[in-house]
Amino acid sequence: RETSANTATEAELPKRTVVLTHADRIYWPDEGVTKEGLADYYTDVWKYMAPFVVQRPLALLRCPDGVNGQSFFQKHAWKGLNKNIVLIHDPKEKDEGPLVSIDDLDGLLGLVQAGSLELHPWGITIADWEHPDMIIMDLDPGPGVPWERVIEAAEETRDRMKEAGLAAFIKTSGGKGLHVVSPLKPKADWPAVKAFTKSVADQMAADSPERYVSTITKSKRQGKILVDYLRNQRGSTAVAPYSTRARPGAAVSMPLAWEELSPAIGPAYFTVNNTPNRLAALRSDPWEDFRAAAAPLEQLKSK
Ligand code: ATP
Ligand code: MN
Ligand code: MN
Numbered sequence: 539r540e541t542s543a544n545t546a547t548e549a550e551l552p553k554r555t556v557v558l559t560h561a562d563r564i565y566w567p568d569e570g571v572t573k574e575g576l577a578d579y580y581t582d583v584w585k586y587m588a589p590f591v592v593q594r595p596l597a598l599l600r601c602p603d604g605v606n607g608q609s610f611f612q613k614h615a616w617k618g619l620n621k622n623i624v625l626i627h628d629p630k631e632k633d634e635g636p637l638v639s640i641d642d643l644d645g646l647l648g649l650v651q652a653g654s655l656e657l658h659p660w661g662i663t664i665a666d667w668e669h670p671d672m673i674i675m676d677l678d679p680g681p682g683v684p685w686e687r688v689i690e691a692a693e694e695t696r697d698r699m700k701e702a703g704l705a706a707f708i709k710t711s712g713g714k715g716l717h718v719v720s721p722l723k724p725k726a727d728w729p730a731v732k733a734f735t736k737s738v739a740d741q742m743a744a745d746s747p748e749r750y751v752s753t754i755t756k757s758k759r760q761g762k763i764l765v766d767y768l769r770n771q772r773g774s775t776a777v778a779p780y781s782t783r784a785r786p787g788a789a790v791s792m793p794l795a796w797e798e799l800s801p802a803i804g805p806a807y808f809t810v811n812n813t814p815n816r817l818a819a820l821r822s823d824p825w826e827d828f829r830a831a832a833a834p835l836e837q838l839k840s841k
């Protein structure tokens, strides 16, 4: 590869002022990833990750003692937060406590300091809480589904999004599946976006009942893929692009180019440890056009 998208020198790395305590604490023992290693990882990916985590409500999976310790899924702010973390209020939940957001890499490092091993943003920015700026179709393979089928499900989802006039981007979940993500101009409201994503999932299940289900009945999932559209309702979250996963292996949710989907790249293929090599080898960011490709969700066409 003759060019590289990430020939960043120290001078080009984003500003970073958070001082980590217990920087040597090991978060992923199997991969030898420490708190400082996690902070370095996020510094490397920050320029790609920022649009997906800045100024959005964030739910966090916190594991202060690493992936083998206790974990807490936190939707609200807690006491003793780093000063770089910005507290926000859901305009529709006046009585609930504040939510967490960040403006910059220091905010993310404040979350790292607090043992946040997964970041789960909402599909809105705080400039407009009622109109999502993306759709996430979460493809969850049941037991026994070959990876090739999951890839085909992602491609079919992409094609159905295209039919509705939407672009579609693909990322690994870092867990078991894939996420198809479509950028939206924030025009349609939550109920409209949820209804649209439900119609896509239901149609896939109706057209290929041997492959897909659209409801979360575990017993029906053997050998099938759940097209989980429920990330697309108000207050729901999905793991952010480039977020780490709080599981052994230190996998991350990695944005890919569609051409990269292959049996060789499984859902947890990319990790904290191999991402620097990936970024160095990338000719361009596969999600570079994400925001520019945003379109408004048109009125639901009935089939
Ligand atoms: P996979 O590919 O393994 O399905 P995923 O990120 O798509 O990975 P999960 O990690 O199982 O799926 O999480 C599903 C969604 O539920 C996530 O997007 C997250 O925002 C939310 N979530 C995860 N953990 C919790 C929790 N403990 N409580 C509430 N919601 C959660
Ligand atoms: Mn999933
Ligand atoms: Mn799911």
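Numbering (the UniProt record's numbering), first residue to last: 539 to 841.
Cβ coordinates follow ideal geometry from the N, Cα and C atoms, glycine included.
Three-state class that DSSP yields for residue i in the structure shown
{"i": "PHE828", "result": "coil"}
{"i": "PRO636", "result": "coil"}
{"i": "PHE611", "result": "strand"}
{"i": "TRP660", "result": "coil"}
{"i": "PRO747", "result": "coil"}
{"i": "ARG821", "result": "coil"}
{"i": "ASN544", "result": "In this prediction, ASN544 has a pLDDT of 49, which is less than 50 and means its spatial position is unreliable; what the coordinates show is noted afterwards. If DSSP states are grouped into helix, strand and coil, ASN544 belongs with coil."}
{"i": "ILE763", "result": "strand"}
{"i": "PHE808", "result": "coil"}
{"i": "MET675", "result": "strand"}
{"i": "ALA597", "result": "strand"}
{"i": "ASP729", "result": "Just to set this straight, residue 729 is Pro in the shown sequence, not Asp. The answer is helix: DSSP assigns PRO729 an H, G or I state."}
{"i": "SER737", "result": "helix"}
{"i": "ARG588", "result": "Per the sequence shown, residue 588 should be read as Ala rather than Arg. Looking at ALA588 - three-state DSSP - the assignment turns out to be helix."}
{"i": "ALA702", "result": "coil"}
{"i": "ARG539", "result": "Low confidence applies to ARG539: its pLDDT is 31, below 50, so where it sits in the model is not reliable enough to give any reading."}
{"i": "TRP566", "result": "strand"}
{"i": "PRO814", "result": "helix"}
{"i": "LYS758", "result": "helix"}
{"i": "ILE689", "result": "helix"}
Heavy atom of ligand 2 within 7 angstroms of residue i beta-carbon
{"i": "GLY645", "result": "no"}
{"i": "ASP827", "result": "no"}
{"i": "GLY715", "result": "yes"}
{"i": "SER774", "result": "no"}
{"i": "SER711", "result": "yes"}
Alpha-carbon spacing of residue i relative to residue j, whole angstroms
{"i": "ALA832", "j": "ASP671", "result": "8 angstroms"}
{"i": "PRO552", "j": "VAL650", "result": "16 angstroms"}
{"i": "ILE803", "j": "VAL591", "result": "25 angstroms"}
{"i": "GLY661", "j": "VAL790", "result": "19 angstroms"}
{"i": "ARG772", "j": "ARG816", "result": "34 angstroms"}
{"i": "ILE664", "j": "SER737", "result": "27 angstroms"}
{"i": "SER609", "j": "ALA615", "result": "16 angstroms"}
{"i": "PRO589", "j": "ASP678", "result": "25 angstroms"}
{"i": "GLY653", "j": "THR813", "result": "20 angstroms"}
{"i": "LEU647", "j": "GLU569", "result": "20 angstroms"}
{"i": "PRO684", "j": "TYR750", "result": "13 angstroms"}
{"i": "LYS630", "j": "GLU668", "result": "10 angstroms"}
{"i": "LEU558", "j": "MET587", "result": "21 angstroms"}
{"i": "SER822", "j": "HIS658", "result": "25 angstroms"}
{"i": "GLU826", "j": "SER774", "result": "25 angstroms"}
{"i": "PRO636", "j": "ARG563", "result": "29 angstroms"}
{"i": "GLY787", "j": "THR809", "result": "7 angstroms"}
{"i": "ASN544", "j": "GLU550", "result": "Residue confidence for ASN544 is low, a pLDDT of 49 falling below 50, so the modelled location carries little weight and cannot support an answer."}
{"i": "VAL571", "j": "GLY712", "result": "16 angstroms"}
{"i": "ARG600", "j": "LEU643", "result": "18 angstroms"}
{"i": "SER840", "j": "ALA730", "result": "Bear in mind that the predicted position of SER840 carries a pLDDT of just 46, short of 50, making it unreliable; the figure below should be weighed with that in mind. Using only the alpha carbons, I get a separation of about 13 angstroms."}
{"i": "VAL605", "j": "LEU655", "result": "8 angstroms"}
{"i": "TYR767", "j": "ASP676", "result": "6 angstroms"}
{"i": "VAL583", "j": "SER746", "result": "38 angstroms"}
{"i": "GLN801", "j": "ILE708", "result": "What sits at residue 801 in the sequence shown is Pro, not Gln. PRO801 and ILE708: Cα-Cα distance of roughly 15 angstroms."}
{"i": "TYR580", "j": "ASN622", "result": "15 angstroms"}
{"i": "ARG829", "j": "GLN593", "result": "15 angstroms"}
{"i": "GLU694", "j": "TRP796", "result": "12 angstroms"}
{"i": "SER639", "j": "ASP727", "result": "21 angstroms"}
{"i": "GLN741", "j": "ASP603", "result": "43 angstroms"}
{"i": "LEU704", "j": "LYS725", "result": "13 angstroms"}
Contact test: residue i Cβ vs ligand 3 heavy atom, cutoff 7 angstroms
{"i": "ASP568", "result": "no"}
{"i": "ASP766", "result": "yes"}
{"i": "ASP578", "result": "no"}
{"i": "ASP740", "result": "no"}
{"i": "ASP676", "result": "yes"}
Heavy atom of ligand 1 within 7 angstroms of residue i beta-carbon
{"i": "ARG759", "result": "no"}
{"i": "PRO805", "result": "yes"}
{"i": "residue 496", "result": "Residue 496 lies beyond the range of the chain shown here (539 to 841); nothing can be said about it."}
{"i": "ARG600", "result": "no"}
{"i": "ARG594", "result": "no"}
{"i": "HIS658", "result": "yes"}
{"i": "VAL683", "result": "no"}
{"i": "PHE611", "result": "yes"}
{"i": "ARG769", "result": "yes"}
{"i": "ALA597", "result": "yes"}
{"i": "VAL777", "result": "yes"}
Taking one C-beta from the region 777-786 and one from the region 752-764 each time, how about it: are there three or more such pairs within less than 8 angstroms?
-> no
Are at least three pairs of beta-carbons, each pair with one atom in the region 721-736 and one in the region 681-698, less than 8 angstroms apart?
-> no
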